[in-house]
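Accompanying notes for the structure given below.
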Amino acid sequence: MDSEPISPILGTPFYPRTSALNERLNWTAWDQYHVVDTYTDWRGEVSTIRTAAAALDMSPLAKHSITGPDAERFVDYLIPRDATRLAPGQAYFTPWCNEDGVQVGDGIVMRLERDRFVFSADRMMRWFARHAPGFNVEFEDLTDDFGILALQGPLSRDVLASASGEDHADLRFSRLRRTTVAGVEVLLSRQGFTGELGFELWVPRAAATTVWDAVFEAGAAFGLVAAGLHAADVARIEAGMVIPGYDYTPAAIDPTGSHLRTSPENCATPLELGMGRFIDFDKGAAFLGRAALAEELRSGPKRKLVGIIVNWPEIVASYTDAALVPEVAPHTVRAPMSISQDAVTGAVTGAVIGRTSSVTWSPTLGQLIGFAHVDARCAAAGTPVTVSWDWSAPELESAGDSGDLGVLTVNAHLCDLPHYRPRRAGNPT
């Protein structure tokens, strides 16, 4: 009896073009897709995001449509922002929580029509369905139907204008419109995840390569390059943007989103993650987690998200002293590292006050940066701390050793977020 063939990991709609440009053959898994991690040099790709314009394949982002007579009421119940204020053609960034006020996820909610919303985030169809009883709504997974081509950087509007034949200078942040590229109608949104001026083009799968080619032809005059997921990750960390799975554990894991890292002790609330401004406590309708979040607002969050800058020369010196090639975050350090402080109110000397997430080398700043989730009493910018840094040596691992050299205690200090705030003069908000 023949066995059932195994379904391969999917290519995004732009795969025929991204694979041709992937000189390093460096891929990474994102949900059920493969996307390019680094095309040529991730540092150069980050630089292009900051100084010119880069195109990024963000197609694996889940795209879930919610329609029906109760669509507005349902979305208003799911999210802490006021969905009744969201007009067709607008979008919100928003977190969403469980009944205990613990964050389930975050992402973009777009209102395309009066009774049609689209969530762009990690997969949460089961979460939506769990809360649907009592609402006249329908769901549709559009994830594989559209590619998302993101243009990020100070010259991204110039690239877009050249490709579409329209200026788009009047398109405000988190606004949507239809436009045409190479005869293909696309949904255009003014969005960014790098801190720079940015846009996203939602492109029908069948026309993805046509739009890609037109955008790159138009962008040649502006230095447009393709940037991989590594560069996107570094840019979003520089911009102070956290993501579920890597920076906090979602309170409800959808089995279809099993690529997310799950660690219950790393769950968080929007107030702990600095997203309190995205909670509309004054809206009349009930929403998931409202009572718990209101109580936390009154008492104050126990933890706080801030930035951290690690004293990387200490790490280099340890490698040098051991006659080893220095390795300082060749890729984003996902695993949490303990953060300690010598003097903590009500705690003993050297107490652990929190953890790191998304520690990475910032070529823009020339620093080893990341996020710190710490005791709110110890979160002031400039606070000196130490980080328990796991270090290893690939050359020892290749020689049959584990390569694990133990833990270094490295000095660091806390800082405000974002790490990097680009100038965006002349851009409508």
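Position one of the sequence shown corresponds to residue 19 (our numbering), numbered consecutively onward.
The beta-carbon is built from N, C-alpha and C at its ideal position, and this holds for glycine as well.
Computed from a prediction, not measured in an experiment: that's the story for all the values here.
request  = Kindly indicate the opening and closing residues of the alpha helix (DSSP H) around residue 143.
outcome  = Looking at the DSSP string, the run of the alpha helix (DSSP H) that includes residue 143 is 143 to 148.
key: Cα-Cα separation between residue 31 and residue 207, rounded to whole angstroms   = Cα-Cα distance, rounded: 19 Å.
task = Could you give the DSSP three-state label for residue 303: helix, strand or coil?
result = Looking at residue 303 - three-state DSSP - the assignment turns out to be coil, as it is neither helix nor strand.
task = Would you mind working out which of 426, 35, 335 and 54 sits nearest residue 357, comparing C-alpha positions?
result = Cα-wise, what sits closest to residue 357 is 426.
Sequence-distant residues of its chain with Cβ nearer than 6 Å to residue 195 (five each side left out) = Here the set comprises 206.
query = DSSP on residue 192, reduced to helix/strand/coil?
reply = The DSSP-derived three-state label of residue 192 is coil.
query = Given that a residue counts as buried once 16 or more other Cβ atoms are within 10 Å of its Cβ, and exposed if not, what is residue 189?
reply = By the 10 Å Cβ count, residue 189 comes out buried.
ask   = At which residues does the beta strand (DSSP E) containing residue 211 begin and terminate?
value = Looking at the DSSP string, residue 211 is not in any beta strand (DSSP E), and its letter there is neither H nor E.
query = The alpha helix (DSSP H) spanning residue 56 covers which residue range?
reply = Segment 51 to 56 is the beta strand (DSSP E) holding residue 56; no alpha helix (DSSP H) there.
ask   = Where does the unbroken alpha helix (DSSP H) through residue 36 begin, and where does it stop?
value = In the DSSP assignment, residue 36 falls within the alpha helix (DSSP H) that extends over 33 to 39.
inquiry  = Once the 5 residues before and after residue 430 are set aside, which same chain residues still bring their CB inside 7 Å of it?
reply    = Cβ neighbours of residue 430 beyond the five flanking positions: 326, 327, 328, 329, 403, 404 and 405.
query = DSSP on residue 186, reduced to helix/strand/coil?
reply = Residue 186 falls in the coil class under three-state DSSP.
message = For residue 51 and residue 39, which I take to be in contact (beta-carbon distance under 8 Å), what is that distance rounded to the nearest angstrom?
response = Cβ-Cβ separation between residue 51 and residue 39: approximately 16 Å, too far for a contact (criterion under 8 Å).
task = Could you tell me the distance, in whole angstroms, from the CA atom of residue 137 to the CA atom of residue 81?
result = C-alpha separation (whole angstroms): 6 Å.
key: Status (buried if at least 16 other CB within 10 Å, exposed otherwise) for residue 23   = Residue placement at residue 23 is poorly supported in this model, since its pLDDT is 40, which falls under 50; the coordinates still yield a value, given next. Exposed is the label assigned to residue 23, since fewer than 16 other Cβ atoms lie within 10 Å of its Cβ.
ask   = Are residue 245 and residue 120 close, meaning C-beta to C-beta below 7 Å?
value = In this structure, residue 245 keeps its C-beta atom at 7 Å or more from the C-beta atom of residue 120.
inquiry  = Could you check whether the region 161 to 172 touches the region 65 to 79, counting it as contact only if at least three pairs of C-beta atoms, one from each stretch, sit closer than 8 Å?
reply    = Contact between the region 161 to 172 and the region 65 to 79 is present, with at least three C-beta pairs closer than 8 Å.
inquiry  = What would DSSP say about residue 258, mapped onto helix, strand or coil?
reply    = Three-state DSSP puts residue 258 in coil, outside helix and strand.
query = Cα separation between residue 214 and residue 359?
reply = When only Cα atoms are considered, residue 214 and residue 359 end up about 34 Å apart.
request  = Could you name each continuous beta strand (DSSP E) segment of 3 residues or more that falls completely within the region 93 to 154, going from the start of the chain to the end?
outcome  = Those beta strand (DSSP E) runs which fall completely within the region 93 to 154 and span 3+ residues are 108 to 115, 121 to 131 and 134 to 139.
message = Please report the distance separating the alpha-carbon of residue 238 from that of residue 133.
response = Between the alpha carbons of residue 238 and residue 133 lies a distance of about 40 Å.
query = Taking 6 Å as the line, does the beta carbon of residue 183 fall inside it for any heavy atom of the ligand FMN?
reply = This structure lacks the ligand FMN; in fact it carries no ligand of any kind.
ask   = By Cβ distance, which residues of its chain are closer than 6 Å to residue 324, with the 5 residues on each side in sequence left out?
value = Correct list, in chain order: 390, 397 and 432.
ask   = DSSP on residue 77, reduced to helix/strand/coil?
value = Looking at residue 77 - three-state DSSP - the assignment turns out to be coil, as it is neither helix nor strand.
ask   = Tell me which same chain residues have a C-beta within less than 6 Å of the C-beta of residue 168, skipping the five on either side of it?
value = Answer for residue 168: 74, 76 and 218, listed in chain order.
query = From the DSSP output, which residues share a beta bridge with residue 433?
reply = Beta-bridge pairing links residue 433 to 325.
ask   = Based on Cα-Cα distance, which residue from 69, 29, 351 and 62 lies nearest to residue 54?
value = If we check each option's Cα against that of residue 54, 29 comes out closest.
7 Å Cβ shell around residue 179 - same chain, five flanking residues per side excluded = Excluding residues within five positions, the ones whose Cβ falls inside 7 Å are 185 and 186.
query = residue 298: buried (16+ other C-beta within 10 angstroms of its C-beta) or exposed?
reply = Buried, by the Cβ-count rule.
key: the region 84 to 91 touching the region 248 to 262, judged by at least three CB pairs closer than 8 Å   = With contact defined as three or more Cβ pairs closer than 8 Å, the region 84 to 91 and the region 248 to 262 are not in contact.
request  = Give me the Cα-Cα distance between residue 139 and residue 266, rounded to the nearest whole angstrom.
outcome  = Straight through space, the alpha carbons of residue 266 and residue 139 are spaced by roughly 14 Å.
message = Quick check on residue 423: does DSSP put it in helix, strand or coil?
response = DSSP, read as helix, strand or coil, puts residue 423 in strand.
message = By alpha-carbon positions, which one of 96, 352, 35 and 343 ends up nearest to residue 307?
response = The shortest CA-to-CA distance from residue 307 to any of 96, 352, 35 and 343 is the one to 96.
task = Please report how far the alpha carbon of residue 301 lies from the alpha carbon of residue 61, in whole angstroms.
result = So the two alpha carbons sit approximately 44 Å from each other.
request  = Consult DSSP for residue 162 and reduce its assignment to one of helix, strand or coil.
outcome  = Of the three classes helix, strand and coil, the one that applies to residue 162 here is coil, per DSSP.
key: Where residue 373 sits in the DSSP three-state scheme   = Residue 373 falls in the strand class under three-state DSSP.
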